[in-house]
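Engineer: Protein sequences appear in the order of chains D and E.
The first sequence maps to residues 1 to 313 in my numbering.
The second sequence maps to residues 1 to 313 in my numbering.
Number of protein chains: 2
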Amino acid sequence: MEITKLQLEKVQEHVRPYIHRTPVLKSRLLNEITGAELWFKCENFQKMGAFKMRGAANAILNLSEEKRNKGVVTHSSGNFAQALSLAAKSLKVPAYIVMPETAPEVKKAAVRTYGGQITECPATLKDREETASQIQQQTGATFIHPSNDLDVILGQGTAAMELLQDHPDLDYVITPVGGGGLIAGSALAVKYFSGECKCIGAEPLEADDAWRSLKSGKIETNESANTIADGLKTNLGDINFPIIRENVERIIRVSEDEIKSALRLIWERMKIIVEPSSAVALAAVIREKETFKNKKTGIIISGGNVDLSKLPF
Amino acid sequence: MEITKLQLEKVQEHVRPYIHRTPVLKSRLLNEITGAELWFKCENFQKMGAFKMRGAANAILNLSEEKRNKGVVTHSSGNFAQALSLAAKSLKVPAYIVMPETAPEVKKAAVRTYGGQITECPATLKDREETASQIQQQTGATFIHPSNDLDVILGQGTAAMELLQDHPDLDYVITPVGGGGLIAGSALAVKYFSGECKCIGAEPLEADDAWRSLKSGKIETNESANTIADGLKTNLGDINFPIIRENVERIIRVSEDEIKSALRLIWERMKIIVEPSSAVALAAVIREKETFKNKKTGIIISGGNVDLSKLPF
């Protein structure tokens, strides 16, 4: 299915009342260090602390009145659980969240704060899918996938749209790559709302499924995923992969040390709190200095939800 | 000596090219938690990471050409050492910084980055003063005190001036109280650039010298100062104390637990990195909820230079 520019513009209009238009920051010190001209789109300041709010809002907005009344369901232990809960609350829709029993209490508490109704299950993908499926049957709720859903993808694309509206002359937009929703949406935004700008993905070497998927032409998985960027362990899906394959220039892989070092730079120099996943994009710029030298480069800071008790510093 | 409104306006004009006009942030979540309407003046985003840049720039700008050529000297192991170094560098003035041998290497490195010339000395106040005095004699450099200097005080006041220009209808401006430069400058800004706004100080119970000084009418010192807010251990001086006594409504004292809890709230909810000293002001608002209920309250976030390896979380 071909996405149109008009479609993206309508998505931006739809989600506008439910999200923050986040600020775009620059840092002279990071420009000096990287040699690039960087613009940071700060989705760590987004509602519930991550870009996922955009996709969740758009997905619910696209449901019929009847479906909305029956609610939405997802399985997630991360930002999407919070995002769907908060978006559903804003739209007065019930949200059923399947979480593994092993999920940290702080994450369950956050979902509850946003009004999500939690069902716990054993910590396997099979159990999570089955539990979500049972809830669907019992309640008639609609299942919303965190990244492999076209409405979610288009919602996530609005961050890059805003960035390009603020800075139409970017040479590159870089995003971290996890389940593929953010990079796919961003790549569509770059395609329709820029001139010569290219969309590049950034991925941990320890979870480089997207890099391998682009190489092999089919969706690859991670055998293990021993990365600090815990939001980037998931695989691409059949809806976002074709969009990524067609519209993403390439993917740059970075080591764990490079991620930690970039994370510390952002915290120390910019004085903002970002997730390790967000630092992966800056790490890519530092790794490939020559590529980005003097280039206007937009970086999507994906989120800022970190456990302050467990920092890598 | 009576300060005039015009004088403060001129200071703002003078320092403008050497500082950032920092953003003023709000947080719906913190408003909900406190019941107040809070506006955070983010000096953690200031050049070198703290409001001290303002006073340092103003102090150097007020020196004659001849004095500037001979340089400036201070003794400090904290933000003012960095501020004076960077301000001096911007104005092409030599900066001599006396630091205790025991100062962390990371702080010495920061001063060097900004071009300050470090002289190390034993870690007593007497040694620091003597060493600075020797440098004065050898070089003809002018000694600039970090907080008890009128030009420094007026420079620090420009943060509250900007805040009141952005939000003229504030009921309160709260700042942390350390050596007294920030609170004295802020109180003058409130006096001249607001209607009914009041300036309130916030201080750790563990270093409540300013609270005791206002009570006794003379400058008190701290016997010990066992506080996480390491920027607030110093005492008031004979230049800032009269300004504080005349223009500060009162000082609210907070416990170490209250400071840590407020610090965590700012980090987790606002996703910005601030020093423990900055959290003291929010802690005061939380401690005296009834005072600030529904009140438009400006908080000066003093800085964001923290050692990420030594967090209290």
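For each residue, glycine too, the CB sits at the ideal point set by N, CA and C.
Owing to the predicted nature of the structure, the values given are computational and were not obtained by experimental measurement.
How is G185/E classed by DSSP in three states: helix, strand or coil?
Structural biologist: For this step, residue 185/E is matched to residue 185 along the second sequence. Three-state result, G185/E: helix.
Engineer: Is K92/E helix, strand or coil when you go by DSSP?
Structural biologist: Along the second sequence, read from residue 1 onward, the residue named residue 92/E stands at position 92. K92/E falls in the coil class under three-state DSSP.
Engineer: Does the distance from the CB of A210/E to the CB of A225/E come in under 8 Å?
Structural biologist: Here the question's residue 210/E lines up with position 210 in the second sequence. Here the question's residue 225/E lines up with position 225 in the second sequence. No.
Engineer: In its own chain, which residues sit with a C-beta less than 7 Å from the C-beta of L63/E, not counting the 5 before and 5 after it?
Structural biologist: Taking the first residue of the second sequence as position 1, residue 63/E is located at position 63. Cβ neighbours of L63/E beyond the five flanking positions: T142.
Engineer: Evaluate the contact criterion for the segment 93–110 of chain E versus the segment 139–154 of chain E: three or more CB pairs, one atom per stretch, below 8 Å.
Structural biologist: They touch, by the three-pair rule.
Engineer: So, does the CB of I345/D fall closer than 8 Å to a CB anywhere in chain E?
Structural biologist: Residue 345/D falls outside the range modelled here, since chain D spans only 1 to 313, and no answer is possible.
Engineer: So P204/E and T221/E are supposed to be a Cβ contact under 8 Å. How far apart are they, rounded?
Structural biologist: Counting from one through the second sequence, the residue named residue 204/E turns up at place 204. Counting from one through the second sequence, the residue named residue 221/E turns up at place 221. At roughly 14 Å, the Cβ-Cβ gap does not stay under 8 Å, so P204/E and T221/E are not in contact.
Engineer: How would you write the range of the alpha helix (DSSP H) that F292/D sits in, first residue to last?
Structural biologist: Here residue 292/D corresponds to residue number 292 of the first sequence, with the count starting at 1. Here the alpha helix (DSSP H) through F292/D covers 289–292.
Engineer: Using a cut-off of 9 Å between C-beta atoms, extract the partners of R264/D located in chain E.
Structural biologist: On the first sequence, position 264 is the one that residue 264/D refers to. Simply L308.
Engineer: Kindly indicate if chain E contains any beta-carbon less than 8 Å away from that of N44/D.
Structural biologist: Within the first sequence, the letter at position 44 stands for residue 44/D. True, the Cβ-Cβ gap to chain E drops below 8 Å.
Engineer: Do E37/D and K295/D have their CB atoms nearer than 8 Å?
Structural biologist: Sequence index remark: in the first sequence, residue 37/D carries index 37 (1-based). Sequence index remark: in the first sequence, residue 295/D carries index 295 (1-based). A contact, by the Cβ cut-off of 8 Å.
Engineer: Per the DSSP calculation, W39/E is bridged to which residue(s)?
Structural biologist: Residue 39/E sits at position 39 when you count from the first residue of the second sequence. W39/E pairs with G298/E.
Engineer: Using a Cβ-Cβ cutoff of less than 6 Å, which residues in the same chain neighbour L170/E once the five nearest sequence positions on both sides are dropped?
Structural biologist: As a position in the second sequence, residue 170/E is number 170, starting the count at 1. The answer, listed in chain order, is C197, K296, G298.
Engineer: Spatial neighbours of E43/D within its chain, please: CB distance less than 7 Å, with the 5 preceding and 5 following residues excluded, ordered by chain position.
Structural biologist: As a first step, residue 43/D must be located in the first sequence, where it is residue number 43. Answer for E43/D: T22, A50, F51, A159, I300, I301, S302, G303, listed in chain order.
Engineer: To which residues does DSSP link P146/D through a beta bridge?
Structural biologist: Sequence index remark: in the first sequence, residue 146/D carries index 146 (1-based). DSSP, once it has assigned bridges, lists no residue as partnering P146/D.
Engineer: Threshold first: 4 residues or longer. Then list the alpha helix (DSSP H) segments lying entirely within the segment 76–141 of chain E, N to C.
Structural biologist: With a minimum length of 4 residues, the continuous alpha helix (DSSP H) runs that stay inside the segment 76–141 of chain E are 79–90, 105–113, 125–139.
Engineer: Going straight from the alpha carbon of V152/E to that of G178/E, what length do you get?
Structural biologist: Working through the second sequence from its first residue, we reach residue 152/E at position 152. Working through the second sequence from its first residue, we reach residue 178/E at position 178. When rounded, the distance between both Cα atoms is 14 Å.
Engineer: Taking the alpha-carbon positions, what's the E249/E to S186/E distance?
Structural biologist: Walking along the second sequence from the start, residue 249/E turns up at place 249. Walking along the second sequence from the start, residue 186/E turns up at place 186. Going from the Cα of E249/E to the Cα of S186/E covers about 12 Å.
Engineer: Between L163/E, N305/E, I200/E, which lies nearest to L25/E when the distance is taken from Cα to Cα?
Structural biologist: Working through the second sequence from its first residue, we reach residue 25/E at position 25. Of L163/E, N305/E, I200/E, the residue nearest in Cα terms is L163/E.
Engineer: Counting only beta-carbon separations shorter than 8 Å, does F313/E have a partner in chain D?
Structural biologist: Counting from 1 along the second sequence, the entry for residue 313/E is found at position 313. So, interface residue.
Engineer: Cβ of A95/D versus every heavy atom of the ligand NAP: is any distance shorter than 7 Å?
Structural biologist: No copy of the ligand NAP occurs in the structure displayed, which carries no ligand at all.
Engineer: Are R128/D and P100/D closer than 8 Å when you measure CB to CB?
Structural biologist: Your numbering for residue 128/D matches position 128 in the first sequence. Your numbering for residue 100/D matches position 100 in the first sequence. Closer than 8 Å, so yes.
Engineer: Closest by CA to T119/D, which one among I259/D, K70/D, F241/D, S76/D?
Structural biologist: Along the first sequence, one-based indexing puts residue 119/D at 119. Nearest C-alpha to T119/D: S76/D.
Engineer: Let me make sure I understand the geometry here. Which of D257/D, I286/D, L154/D has the alpha-carbon closest to that of L6/D?
Structural biologist: Here residue 6/D refers to the residue found at position 6 when the first sequence is read from its first residue. Closest by alpha carbon: L154/D.
Engineer: Does the structure place the segment 249–260 of chain E close enough to the segment 278–290 of chain E that three or more beta carbon pairs sit under 8 Å?
Structural biologist: Result yes; three or more Cβ-Cβ pairs closer than 8 Å.
Engineer: With a CB to CB cut of under 6 Å and the five nearest residues on each side skipped, what residues in its chain are close to N247/D?
Structural biologist: Walking along the first sequence from the start, residue 247/D turns up at place 247. Closer than 6 Å at the Cβ level, and outside the excluded window around N247/D, lie A187, K191.
Engineer: Determine the direct distance from the alpha carbon of P276/E to that of V111/D, and round the result to whole angstroms.
Structural biologist: Locating residue 111/D in the first sequence gives position 111, where the first residue counts as 1. Locating residue 276/E in the second sequence gives position 276, where the first residue counts as 1. For V111/D and P276/E, the distance between alpha carbons rounds to 29 Å.
Engineer: Which of helix, strand or coil does DSSP assign to T175/D?
Structural biologist: Walking along the first sequence from the start, residue 175/D turns up at place 175. In the structure shown, T175/D sits in a strand (DSSP, three-state: E or B).
Engineer: Please list the partners that W39/E has in chain D, where partner means a Cβ-to-Cβ separation under 7 Å.
Structural biologist: Here residue 39/E corresponds to residue number 39 of the second sequence, with the count starting at 1. What W39/E touches in chain D: nothing, since even the nearest Cβ is about 16 Å away.
Engineer: Excluding the 5 residues preceding and the 5 following S90/D in the sequence, name in chain order all residues of the same chain whose CB lies nearer than 8 Å to its CB.
Structural biologist: Start at 1 with the first residue of the first sequence, and residue 90/D comes out as number 90. Correct list, in chain order: Y18, A57.
Engineer: To the nearest angstrom, how far is it from the Cα of K215/D to the Cα of L236/D?
Structural biologist: On the first sequence, position 215 is the one that residue 215/D refers to. On the first sequence, position 236 is the one that residue 236/D refers to. Their backbone Cα atoms lie some 13 Å apart in a straight line.
Engineer: DSSP has A202/D in a bridge; who is on the other side?
Structural biologist: Working through the first sequence from its first residue, we reach residue 202/D at position 202. Looking at the DSSP assignment, A202/D forms a beta bridge with P176/D, I252/D.
Engineer: Establish whether the CB of G49/E and some CB of chain D are separated by less than 8 Å.
Structural biologist: In the second sequence, counting from the first residue as 1, residue 49/E sits at position 49. So yes, G49/E belongs to the interface.
Engineer: For the alpha helix (DSSP H) containing F241/E, name the first residue and the last one.
Structural biologist: Taking the first residue of the second sequence as position 1, residue 241/E is located at position 241. F241/E -> alpha helix (DSSP H) spans 240–247.
Engineer: Examine chain E for any beta-carbon lying closer than 8 Å to the beta-carbon of E258/D, and answer yes or no.
Structural biologist: By 1-based counting over the first sequence, the position of residue 258/D is 258. Judged by the 8 Å Cβ criterion, E258/D is not in contact with chain E.
Engineer: Less than 8 Å between the beta carbons of I60/E and A88/E, yes or no?
Structural biologist: By 1-based counting over the second sequence, the position of residue 60/E is 60. By 1-based counting over the second sequence, the position of residue 88/E is 88. Contact: yes.
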